[in-house]
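For reference, the structure is listed below as structure tokens.
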Amino acid sequence: SNDQVEQLVEAASLAPSGGNTQPWKWLAHSNALFLFHDEKESASWIDFKHSASYVALGAAIENLKIKAESLHLSANYTLFPNGEESKLTAVFSFSELQTRTERYTNLEKGMTMRLTNRKKGDRRPLSDEVSASLKSAVELDENAVLYLTQNEEDVQLIADVVSASERVRFLHPQGHHDFYSREIRWTKDKDGPVSEGLDIKTLELSESDKTGLIVASSPEVIKLLNKWGGGSAFEKLSKKSIASSSAIGLIVLPTYSSYNFIKGGEALQRVWLDANVNRLSFQPLTAPLFMIERMKQSNGEGMTTLMVDELYVLEQKLQKVFPALKDNQGIFMFRLSYADEASIRSMRKPLNEILQFSEV
């Protein structure tokens, strides 16, 4: 029914997306539901060959599957029915569910809780039980693997890698433009809450850090920083909170492909929901993986030699913490912590902007 379709798409739209771009459009036609990649929403320097968007679309698919079970429906779907170059990402059909997946019943509780929390943690360790629960959530897909490290040196090294890659991104003209023009929303507009992009409050910055971000919004400032080899202040933004994490997680799949980024997004959504059910705060740390991938897949096109050299060094540091990256495709990295509630959650677009019913 139309009501069920609306419930399914509403649940799917709660999925995370880089910069809260929400790169999805849905079409309900006869008894099928079509998911399209809304490319104009997601075009960005860091989203090379749509890999970040495919992770978001995978997360939306997983939410839809979980919600379908609560409506006693089984969601069957085909990925890229017209090939990987097509904007049509998935086609769903639904049948009556015979038995609910116990795991999904539990994950559904985390769906409305799921939000990004960038607040500092207290370094409290994860119990073996929680670690096992997170790993099994990811590994419902036999090709996906979750690696977790709680080692203090590893956590600090990841803090260094992520903050350095954020600096590299800020100092790249296109990366800088995307952040300031497409992602960050400085104030609420007159119409109320921000339904796209990241409200500045979600970054949990101090007033001085916020002021620094405003000053750095000028492309001229970035040109000077590049000339002087500066920009280390950008590293401050995330380093302390990452170093306060209980654990760093990494999802890998065997190879680089659009299909695997979608399957990785499904795994990501399961582990995020599982973390929330276990009262853990969750924050994506995707910049290094996506930037290193861009450098490798494009042979450093549009990057300075200095930037390419630095990204190679960052890749080696990542591989030191997660040796699996040498032979597998890193899909998504994140930090887990026990922290205070986030100040604000990112809003979502209204349903009528992302879902259409075809009467034909």
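Taking our numbering, the leading residue of the sequence shown gets 429, the next gets one more, and so forth. Don't be surprised by glycine CBs; every beta carbon is placed ideally from N, CA and C. Quick caveat: nothing in here was measured; it's all calculated off a predicted structure.
In this chain, the alpha helix (DSSP H) harbouring Leu436 covers 430 to 440. Positions of the alpha helix (DSSP H) runs, each at least 4 residues long and wholly inside the stretch 470 to 547, are given as 479 to 498, 530 to 536 in order along the chain.
Here Val573 is bridged, per DSSP, to Val680. The C-alpha of Val705 lies about 8 Å from the C-alpha of Met541. Fewer than three Cβ pairs drawn from the stretch 491 to 509 and the stretch 546 to 561 lie within less than 8 Å of each other, which leaves the two stretches out of contact.
With respect to Ala487, Leu783 sits apart: the two C-beta atoms are not nearer than 7 Å.
Distance between Leu492 and Arg528, taken at the CA atoms: about 14 Å. Boundaries of the beta strand (DSSP E) around Gly758: 757 to 765. Taking C-beta atoms as the reference points, Leu742 and Ser593 count as a pair closer than 7 Å. Scanning its chain for C-beta atoms nearer than 6 Å, with the 5 sequence neighbours on each side dropped, one finds around Ala456 the residues Val433, Phe785, in chain order. For Gln711, the uninterrupted beta strand (DSSP E) run begins and ends at 709 to 712, by DSSP.
Secondary structure of Gly728 (DSSP, three-state): coil. Comparing C-alpha distances from Asp556 to each of Thr449, Lys515, Gln757, Gln578 shows the shortest one belongs to Gln578. Residue state for Ser445 is assigned as coil, using DSSP reduced to three classes. For Leu779, the enclosing alpha helix (DSSP H) stretches over residues 779 to 782.
Check the Cα spacing between Asp582 and each of Glu781, Lys748, Met731: the tightest is with Lys748. Gly446 is classed as buried because its beta carbon has at least 16 other beta carbons within 10 Å across all chains shown. Apart from the 5 residues on each side of it in sequence, Glu721 sits with its Cβ closer than 7 Å to the Cβ of Phe476, Ser479 in its chain, given in chain order. In the structure shown, Ser669 adopts helical secondary structure according to DSSP, grouped into three states. Three or more Cβ pairs closer than 8 Å define a contact, and the stretch 674 to 693 meets that threshold against the stretch 747 to 762. In this structure, Val589 lies near Pro716, with their beta-carbon atoms less than 7 Å apart. Under the 10 Å beta carbon count, Ala565 is surrounded by 16 or more other beta carbons and is classified as buried. Counting the other CB atoms within 10 Å of its CB gives Asp737 a total below 16, which places it among the exposed residues. Within a 10 Å sphere around the beta-carbon of Pro451 sit 16 or more other beta-carbons, which makes this residue buried. Shown here, Ser786 sits in a strand according to DSSP, grouped into three states. Among the bridge pairs identified by DSSP, Phe462 is matched with Leu455, Val519. For Gly511, the closest alpha carbon among the candidates Gln711, Tyr687, Thr733, Arg595 is that of Tyr687. Where Met735 is concerned, the enclosing alpha helix (DSSP H) starts and stops at 733 to 749.
The closest CA to that of Ser673, considering only Lys548, Ala439, Ser591, is found on Lys548. Excluding the 5 residues flanking it on each side, Asp466 has same chain C-beta neighbours closer than 7 Å at Pro451, Trp452, Lys453, in chain order. Ranking Gln435, Asp431, Ser726, Phe520 by CA distance to the CA of Phe464 puts Phe520 first. The criterion of a C-beta distance shorter than 7 Å is not satisfied by Ile494 and Leu436.
DSSP places Leu701 in the uninterrupted alpha helix (DSSP H) bounded by 686 to 705. The straight-line gap separating the alpha-carbon atoms of Asp569 and Tyr575 is approximately 14 Å.
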